[in-house]
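The block underneath contains the structure these notes are about, expressed in structure tokens.
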Amino acid sequence: MASSNKLTLFIILFMIAGILSGAAIHEYAPAESVKSYANNITLFTDIFLRLIKMVIAPLVFSTLTVGIMKMGETSTIGRIGGKAMVWFVSSSVLSILVGLFVVTVTHPGAGMNLQVPAGDVQTGLAVSGMSLKAFISHTIPTSIAGAMSDNEILQIVVFSMFFGIAGASLGEKFNAPLVAALDVVSHIMLKVTGYVMYVAPLAIFAAISSVIATEGLGILLNYASFIGGYYVAIVLTCLVLISVGYMVLKADIFRLLTMLKDPVLVAFTTSSSEAAYPKTLDQLTRFGCSRNIASFVLPIGYSFNLVGSMVYCSFASMFIAQAYNIHLSFSEIVVLMLTLMLASKGIAGVPRSALVVLAATIPSFNIPVAGILLLMGIDHFLDMGRSAINVLGNGVATAMLSKNEGMLEEERSAGEEVVVNGG
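Everything in the sequence shown is counted per our numbering, starting at 30 for the first residue and increasing by one.
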């Protein structure tokens with residue numbers, strides 16, 4: 030755990046250094062130098078995120094396939110998958126309600142009194158293909174090679190589930206060599222992830238410093254009411270998740286939170302829950318979760334358990350409506366929230382995915398899509414919170430399902446090999 034604590038310390042120190050250096054450059058450097066610095070320093074962030082994305086596809090495929098094959102019977106796979114989806118939908122509803130409650134109480138958009146624009150305003154966000162038909166079609170890969178090259182997590186999950194279920198149906202005697210080979214691949218990719226994490230503090234410094242250098246510290250103050258209310262909603266959602274987790278895991282929930290602090294911090298500071306995936310999987314197995322269940326539930330959660338995005342979508346959509354003095358009826362709010370929940374599924378890998386969901390959804394409720402421009406300047410800081418809670422939500426869900434299935438073991442040491450009993 031010493032190396033884990035060192036990583037946390039370095040991440041925090043480099044984050045603070047990023048804020049200070051960005052503020053100094055914004056204040057004292059010429060405009061041209063600021064632009065050049067911001068463009069070039071993000072090279073480290075790009076390298077880190079590319080390295081992480083390099084790991085994601087083979088890791089998701091190998092771990093999910095092995096997890097399904099080791100579960101054996103398709104009835105076990107269906108039971109665990111069903112429990113996972115029930116929790117994912119429940120947690121989405123809970124997080125939407127929290128966001129809706131906080132934005133209704135705080136009214137961060139009240140008093141802005143913006144005029145509804147006469148015509149459409151370009152937001153720069155791609156919103157095509159968000160229909161239910163397009164979404165369902167998009168989940169089915171035409172090529173697993175293409176899905177892996179594009180890091181389409183949901184498509185990789187769909188292929189891996191078909192592949193794993195087919196392999197499981199052939200029996201352990203037939204699929205044992207493949208399971209062993211893919212298990213080795215997953216451990217190798219986790220090892221590669223360990224090497225990649227050495228770059229994380231520098232990448233975090235670059236990401237924070239670039240934004241502050243460009244926008245200045247004022248970006249943290251201009252939308253203080255919105256950001257404050259939003260993070261209140263994030264904290265309340267965290268407390269709800271932890272409370273539900275406590276009912277299942279009892280005191281172990283606090284040990285889980287301690288072990289998840291590094292991946293949550295990585296997600297927060299890089300604004301990418303994807304960047305934290307390998308570390309989350311590793312910490313969950315060390316916590317005692319069945320590797321089979323963790324490898325099965327976690328990738329699905331990355332597409333269907335986006336609690337942070339749900340908080341954001343409910344909070345932001347109502348904020349925009351308030352800013353334009355648009356009053357929605359109770360039934361309209363209910364339909365809007367359900368639409369946002371359905372539209373968000375499976376787009377975790379889309380850049381600014383929550384903004385894309387908003388841009389695709391709110392025009393149907395006569396809320397100007399131009400309102401999204403109010404949030405785009407501070408979206409980086411909002412994305413930090415929703416990425417972090419997405420990781421926490423998926424970690425808690427995986428631990429609860431392992432406990433519910435009677436497959437939660439004592440904490441494993443760093444060097445101990447993970448051994449999991451089948452379904």
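Ideal placement from N, C-alpha and C gives every residue a C-beta, glycine not left out.
Residue closest to residue i, alpha-carbon to alpha-carbon, out of the options
i    : options                : result
L387 : E361, G414, S346       : S346
I355 : L42, F90, A58, Q144    : Q144
S50  : K279, W116, L246       : L246
V9   : N433, V295, E303       : One cannot answer for residue 9 here, as it falls past the ends of the chain, which runs 30 to 452.
H83  : E61, V122, E181        : It should be pointed out that residue 83 corresponds to Met in this sequence rather than to His. Considering only alpha carbons, the answer is E181.
P230 : L327, L78, A113        : L78
L437 : A383, V213, I282, V122 : I282
D408 : E244, V363, A176       : E244
G424 : Q184, S239, L289, R320 : L289
K308 : C318, V293, S319       : V293
A209 : K220, G196, V221       : G196
T133 : V398, N395, G435, F348 : F348
I76  : S62, A235, G128        : A235
Y331 : S65, I256, A113        : A113
M286 : V420, V364, L183       : For the record, residue 286 in the displayed sequence is Leu; it is not Met. For L286, the nearest C-alpha among the options comes from V420.
N128 : S431, S338, V364       : In the sequence under discussion, the amino acid at residue 128 is Gly, which differs from the Asn named in the question. Checked all of S431, S338, V364; the closest Cα to G128 is S338.
V336 : M366, S358, I173       : M366
G435 : V277, L123, S121       : V277
G223 : T135, E56, A305        : A305
P137 : I85, G111, S254        : S254
K99  : V264, G200, T298, R284 : G200
G193 : S360, T105, P59, S358  : T105
L80  : V221, F188, I362       : V221
V187 : V240, Y66, F117, T168  : T168
V240 : I70, L42, P328, L38    : I70
A53  : S238, P170, T94        : S238
M177 : A86, S358, I362        : A86
P328 : V398, G422, S300, R284 : G422
T427 : Y66, T94, I109, P59    : I109
As assigned by DSSP and simplified to three states, the class of residue i
i    : result
L246 : coil
L437 : strand
Q144 : coil
S358 : coil
V447 : At V447 the pLDDT is 41, less than 50, meaning the model places this residue with poor confidence and gives no usable figure here.
I169 : coil
G175 : helix
G317 : coil
G138 : coil
Y353 : coil
V295 : helix
Range covered by the alpha helix (DSSP H) that runs through residue i
i    : result
M413 : 408-433
V208 : 201-225
Y260 : 253-278
I329 : 320-333
V186 : 182-198
S393 : Segment: none, S393 is in no alpha helix (DSSP H) and carries neither H nor E.
A304 : From DSSP, A304 is part of no alpha helix (DSSP H); its letter is neither H nor E.
Distance cut-off 8 Å: residue i Cβ against heavy atoms of the ligand GTP
i    : result
A345 : You won't find the ligand GTP in this model; it holds no ligand whatsoever.
Presumed contact (8 Å Cβ cut-off) between residue i and residue j, rounded CB distance
i    : j    : result
I125 : M370 : 6 Å
T92  : L310 : 7 Å
S393 : S302 : No, S393 and S302 are not in contact; Cβ-Cβ is about 27 Å, not under 8 Å.
Y341 : L411 : 6 Å
V429 : G258 : It should be noted that the sequence gives Met, not Val, for residue 429. So it is not a contact: roughly 29 Å between Cβ atoms.
F344 : A262 : 6 Å
G96  : I322 : 7 Å
V89  : I185 : 5 Å
L265 : V115 : Not a contact, Cβ separation roughly 22 Å.
G414 : Y353 : Not confirmed; about 24 Å, so no contact.
V364 : A242 : About 42 Å separates the two Cβ atoms, so there is no contact after all.
V334 : S189 : Note that residue 334 corresponds to Asn in the displayed sequence, not to Val. That pair is no contact at about 17 Å.
S431 : S319 : 5 Å
L123 : V213 : That belief does not hold up - the Cβ atoms of L123 and V213 are roughly 39 Å apart, past 8 Å.
Closer than 9 Å to chain B by CB, residue i
i    : result
I233 : Among the protein chains of the structure shown there is no chain B, as only one such chain exists.
Ignoring anything shorter than 4 residues, give me the alpha helix (DSSP H) runs that lie fully in the region 38-94, in order along the chain. 60-70
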